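As structure tokens, the structure follows; a few thoughts come after it.
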Amino acid sequence: MTTARDGLPAPAFPRVKGRLPPQLMRCPGCGQHLYPTAASCPHCGGKLAVLRRKQLKALAKAESALASLQKLFGE
Ligand SMILES: [Zn+2]
């Protein structure tokens, strides 16, 4: 069993010949790579559910800003 940098055991994924290993995901808080099974980020300590909600809120804010800019420029 391999151990990740945070000291926790790395999750085991079944190895299937010809299939690529599972892709890592990026932490919405700090951008570091995480295992797809992670519930919290070992790098910044943030909970992924909370960070994802913040990211979606920021995206919605940016989209509404874009919509109002497009309105101002008459597009
Ligand atoms: Zn993080």
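With the working numbering, letter number 56 in the sequence shown gets 388, and the count goes up by one each step, no holes.
We put the beta carbon where it would ideally sit given N, CA and C, even for glycine.
Predicted, not measured: the structure shown is a model, and the values here were computed from it.
For residue i, which beta-bridge partners are listed by DSSP?
i	result
His365	Arg358
Between residue i and residue j, is the Cβ-Cβ spacing less than 8 Å?
i	j	result
Leu366	Cys373	yes
Met357	Pro343	no
Leu398	Cys359	no
Gly361	Gly378	yes
So is the beta-carbon of residue i under 7 Å away from any non-hydrogen atom of ligand 1?
i	result
Gln387	no
Gln355	no
Gly406	no
His375	yes
Cys402	A quick correction: the sequence has Gln, not Cys, at residue 402. Incorrect: Gln402 has no Cβ contact closer than 7 Å to ligand 1.
Gly361	yes
For residue i, tell me which candidate among the options has the shortest Cα-Cα distance.
i	options	result
Pro341	Leu401, Val348 and Ala370	Ala370
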